[in-house]
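Line by line, the protein sequences are chains A and B. Just add 1242 to the spot in the first sequence (first one is 1) and you have this note's numbering. Just add 1242 to the spot in the second sequence (first one is 1) and you have this note's numbering. Below you'll find the structure, written out as C-alpha cells, and then a few comments.
2 protein chains.
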Amino acid sequence: MARPDAPPTLYDLAREAGVSLATASRVVNGSTRKVAEPYRVRVLEAADRIGYRANLSAQAVARGTSRLAALLVSDIVDPFFAAVTAGVSRAAEAEGLLVTMSVTDRRSDRELELLRTIGGFRPRLVLLIGSRRTTEPSSELEDELRELRRAGADVVVVGHHRLPFASVRADDTTGARELAEAVAAAGRSRVAILAGPADLSTATARAEGFRAGLRAAGLDPVAVVHGEFGRSGGRAAALEAVGAGADALLAVNDVMALGALSALRERGIRVPEQVAVTGFDDIAAAADAVPALSSVRIDLEALGERAVAVALAGDDSAAEVVPAHPVLRASTGH
Amino acid sequence: MARPDAPPTLYDLAREAGVSLATASRVVNGSTRKVAEPYRVRVLEAADRIGYRANLSAQAVARGTSRLAALLVSDIVDPFFAAVTAGVSRAAEAEGLLVTMSVTDRRSDRELELLRTIGGFRPRLVLLIGSRRTTEPSSELEDELRELRRAGADVVVVGHHRLPFASVRADDTTGARELAEAVAAAGRSRVAILAGPADLSTATARAEGFRAGLRAAGLDPVAVVHGEFGRSGGRAAALEAVGAGADALLAVNDVMALGALSALRERGIRVPEQVAVTGFDDIAAAADAVPALSSVRIDLEALGERAVAVALAGDDSAAEVVPAHPVLRASTGH
DNA sequence: ATCGTGTGGGAAAGCCCTTTCCAGCACCAG
DNA sequence: CTGGTGCTGGAAAGGGCTTTCCCACACGAT
C-alpha cells in the first residue's frame, strides 16, 4: 500500500516501479511511443500492486479532450428514448466512451442549461435525442451547440434535422405513408389522424406521411386531432376522432395508440371490427397489446448506434436515415 | 472574442476583467471568500462577454473530487430500470450532479470493468441498480467498491442489500405476502409461483414473500417454476404451471406476468375466470394489459430519488426500505 | 499619532497527467 | 575509427483550475 488514503497517482506508480513519470505514463495508456519490455513489465506489475487507476479528469485536462459522450433525452421512461439510449450506450462503450445521460423533460430551458453544464466537461460527443418544437426559438440552443462544436465536440441530432448539425432519423414519412396506404387497402375509408402536438417536428412529419398515403389511396382524413404526445393524449384524441365518425385511427406513436385502444375498450368500441388503430415506433408493448397493435417498425437501438457512428465521423452535413416500415397486426384486422 | 479557437480559460477571463486568476476563480464559483462588488461585477460581465465556461475536468483535478453521479443499470430498456433511472436523474440534477449511465447487461464482468473505468473520474456517487445473482462471487466487486469508497465516493446499492454498503430497496417481502394473501382470499387455492431465476436475489425475496402469504392462508404452492426473468421466461413458466393444475400464477415481476398473460391467451385459457395472474412492480404497462394486471405497486422513481439521498448521507450501514403494496385489478377478478 | 484588526486582491504552489524536447546509447555503413 | 541514424528514458514545460499565504490598505480605538 502506498498512500494511507487517496488513490495512488502516476507519481506513486513511477516511484514504485523505479521509472520516470514519462515512462509510467507511456505504459499505462496507449501512447505512440514504445517502452522496452522490461520497463513495461515493471510498470504493469507495480500498477497492479498498488492498484493504480488513472485519474480521467486529469487526463482530460492534459489532453484537452475527454472520452465522454453526452446524451440528452426528453424522457427516459418513454420506451422510445429508452431503446435509443440503449443503442447509444452500447455503441459508445464499444468506442471506449463513457456516457452521461441527462433528462430534459421536454423543456428547452433545461436542455440549454444541461448543455452548458455538460459543455464544461468538454465532451467528445453530444447527442440530442428527441424532436424539437417548431415554435420554440432554437437560436440560443444553436449557439450553444456551435460553441461545443468549436470546443471539439461532435454533435448529432437524433429524430429530425432541423438544426445545422449531423442528424440521424427514421424514415418517418415513408413509414407513415406505407402504413396509411395499407390501412386504406384494408378497406377503411374514414380515417382519422391522431397527430399529437401540432408543433412537434416528429409528429408533424409522421402526420404528413399519413396524409400522403391517404391521398395516394384517394382519401382525405376525416379528422386530424392534435393533443399531447402521451397516453392520455391518445385517449382524448381517440374519443374525439370516433366522435367524428372515424373507422380507423392513425396515431403518431405507439404510446398514444395504446391510450386510444384503452379508451375504445372502455367505450365498448371493438377493435378492429368497428375501428382500426395503428401506432408508430413498434415498441415492445405494441405486439403485446390486445389486439396486437399495427405499427411502423423502427430499429430504435440501431438508431442509437448509428447516431454514435455518425457523430464520430464528424461531418456536420451528414443526414442519415434509417428505414421505417409498417408491421401489420390484429388492430387493423391483419 | 478572445481566442481564435479553443474555449476561453480562466486566465483569459482574468485578463479581460483586469483582475488576478484568484479573484476570477472566486467569482465564477462559490468560494468561501468574498469579492468586493465592483470586482465581482467586472468579472461577471467579462465572463458573459467572452462566453467563459469553467472546465469541469480541471476543476475536478484541482479540487480532487468531481460532481459526477455514476449509475450502473442492468438494462435501460426494462421499464423497471428506466423508472428508477428517471428518479435518480431528477434527484441528482437537483443536487447539481451530472449523471453518467452505463448498462451492465446483467454481466458481472462488464459491471466490474465499468466500475473501474468510472472510478477514474473519481465520482461523487456510485449507484448500483439491479439485483445480484447469489451464486456469483462478489468479492472482486466488493473490493472495487471499497476502493471507490476510499477515494471519496458514496456508494449505494438499489434493490437489495447483499453488499456491505448503503442500500435502498422496496419492501418486496411485505408486498409479496400481502398480494399472495389477497389472491388466496379471492378463493384461489392452487397457486403457482413463477419464481424467475433461482439465484437472483430480488426474485427469491419476492418468491419467499409469496410463500409466506400462502402459508398464512393455509396454502402451499402447487408449483414453484424457475426460469428467466423476461417475457419469454414468463410464457414458459406459465405453461408449466397450468400444466401442474394451477388456478393462480404469481409472477415475480410484471414483464414475466405479461408474458404469462399472452401465453394463456394463445392457449385459450381465460384470465381471470380459469386462472388468475399477478405481477410485481406495477410498471405502466400493467394497468394497460388485458385484463388489467394485478401487481405490487412500488414508486420506482421515488426509489431512485431516495437512492441519491441515502448515498449523499454517506452512511454505509443505511438500509432504507420503500413501501410495496398490492394493486388489485381484473387479472385476479378484482 | 499609534496600534491592532479586519478585509480582500494577488502571487505562487499545487492537483494529476501528457507530451515535447533533449540526451545517451547502440548499431551500421564507409 | 568516425559520423550518421534510430531507439528509448527522463526532465521539464505545459493544461486549466483552486487555495494557501502574504501583504497593502482602511478603519476604529486608544
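Just so it is clear, CB atoms sit at the ideal spot from N, CA and C, and this is done for glycine as well.
Beta-carbon proximity list for residue i, same chain, < 6 Å, skipping 5 on both sides
{"i": "residue 1576/A", "result": "1570"}
{"i": "residue 1334/B", "result": "1311, 1341, 1550"}
Endpoints, the alpha helix (DSSP H) within which residue i is located
{"i": "residue 1558/B", "result": "Premise fails: residue 1558/B is in no alpha helix (DSSP H) and is neither H nor E."}
{"i": "residue 1431/A", "result": "From DSSP, residue 1431/A is part of no alpha helix (DSSP H); its letter is neither H nor E."}
{"i": "residue 1479/B", "result": "1473-1485"}
{"i": "residue 1291/A", "result": "1279-1292"}
{"i": "residue 1321/B", "result": "1321-1336"}
{"i": "residue 1255/A", "result": "1252-1259"}
{"i": "residue 1391/A", "result": "1381-1392"}
Alpha carbon of residue i to alpha carbon of residue j, nearest angstrom
{"i": "residue 1535/A", "j": "residue 1565/B", "result": "34 Å"}
{"i": "residue 1248/A", "j": "residue 1289/A", "result": "15 Å"}
{"i": "residue 1420/B", "j": "residue 1572/B", "result": "17 Å"}
{"i": "residue 1380/B", "j": "residue 1344/B", "result": "19 Å"}
{"i": "residue 1473/A", "j": "residue 1524/A", "result": "15 Å"}
{"i": "residue 1246/B", "j": "residue 1338/B", "result": "Per-residue confidence for residue 1246/B stands at a pLDDT of 46, beneath the threshold of 50, marking its modelled position as unreliable; the derived number appears in the next sentence. Near 31 Å, if we compare the C-alpha coordinates of residue 1338/B and residue 1246/B."}
{"i": "residue 1362/A", "j": "residue 1389/A", "result": "11 Å"}
{"i": "residue 1254/A", "j": "residue 1306/A", "result": "23 Å"}
{"i": "residue 1492/B", "j": "residue 1486/A", "result": "43 Å"}
{"i": "residue 1426/A", "j": "residue 1409/A", "result": "32 Å"}
{"i": "residue 1413/B", "j": "residue 1400/B", "result": "12 Å"}
{"i": "residue 1436/B", "j": "residue 1313/A", "result": "37 Å"}
{"i": "residue 1481/B", "j": "residue 1518/B", "result": "13 Å"}
{"i": "residue 1556/A", "j": "residue 1405/A", "result": "15 Å"}
{"i": "residue 1537/B", "j": "residue 1250/B", "result": "55 Å"}
{"i": "residue 1505/B", "j": "residue 1403/A", "result": "42 Å"}
{"i": "residue 1478/B", "j": "residue 1512/A", "result": "30 Å"}
Residues near residue i by beta carbon distance below 8 Å, same chain, minus five either side
{"i": "residue 1282/A", "result": "1269"}
{"i": "residue 1243/A", "result": "Residue placement at residue 1243/A cannot be trusted, given a pLDDT of 36 that sits under 50; the coordinates are not used to answer."}
{"i": "residue 1327/B", "result": "1313, 1315, 1318, 1343, 1371, 1546"}
{"i": "residue 1488/A", "result": "1432, 1433, 1434, 1464, 1465, 1517"}
{"i": "residue 1447/B", "result": "1402, 1414, 1415, 1418"}
Beta strand (DSSP E) segment containing residue i, residue limits
{"i": "residue 1520/B", "result": "1518-1520"}
{"i": "residue 1399/A", "result": "1396-1400"}
{"i": "residue 1538/A", "result": "1537-1539"}
{"i": "residue 1412/B", "result": "1408-1412"}
{"i": "residue 1303/B", "result": "Per DSSP, residue 1303/B belongs to no beta strand (DSSP E); it is in the alpha helix (DSSP H), 1298-1305."}
{"i": "residue 1568/A", "result": "1567-1569"}
According to DSSP, residues forming a beta bridge with residue i
{"i": "residue 1341/B", "result": "1311/B"}
{"i": "residue 1264/B", "result": "Its beta-bridge partners do not exist; DSSP assigns none."}
{"i": "residue 1468/B", "result": "1438/B"}
{"i": "residue 1492/B", "result": "1435/B, 1520/B"}
{"i": "residue 1525/A", "result": "Bridge partners of residue 1525/A: none, in fact."}
{"i": "residue 1370/B", "result": "1314/B, 1399/B"}
{"i": "residue 1375/B", "result": "1442/B"}
Min CB distance residue i to chain A below 8 Å
{"i": "residue 1254/B", "result": "no"}
{"i": "residue 1297/B", "result": "yes"}
{"i": "residue 1318/B", "result": "yes"}
{"i": "residue 1558/B", "result": "no"}
{"i": "residue 1476/B", "result": "no"}
{"i": "residue 1247/B", "result": "yes"}
{"i": "residue 1506/B", "result": "no"}
{"i": "residue 1375/B", "result": "no"}
{"i": "residue 1452/B", "result": "no"}
Residue i beta carbon near the ligand GDP (any heavy atom closer than 7 Å)
{"i": "residue 1536/A", "result": "This structure simply doesn't include the ligand GDP, nor any ligand for that matter."}
Own chain partners of residue i with C-beta closer than 7 Å, once the 5 adjacent residues on each side are dropped
{"i": "residue 1382/B", "result": "1354"}
{"i": "residue 1507/A", "result": "none"}
{"i": "residue 1462/A", "result": "1456"}
Closer than 8 Å to chain B by CB, residue i
{"i": "residue 1532/A", "result": "yes"}
{"i": "residue 1514/A", "result": "no"}
{"i": "residue 1536/A", "result": "no"}
{"i": "residue 1346/A", "result": "no"}
{"i": "residue 1511/A", "result": "no"}
{"i": "residue 1582/A", "result": "Any question about residue 1582/A goes unanswered here, given that chain A covers just 1243 to 1576."}
{"i": "residue 1243/A", "result": "At residue 1243/A, the pLDDT of 36 sits below 50, so the modelled position is not reliable and the matter cannot be decided from this model."}
{"i": "residue 1360/A", "result": "yes"}
{"i": "residue 1472/A", "result": "no"}
{"i": "residue 1327/A", "result": "yes"}
{"i": "residue 1303/A", "result": "yes"}
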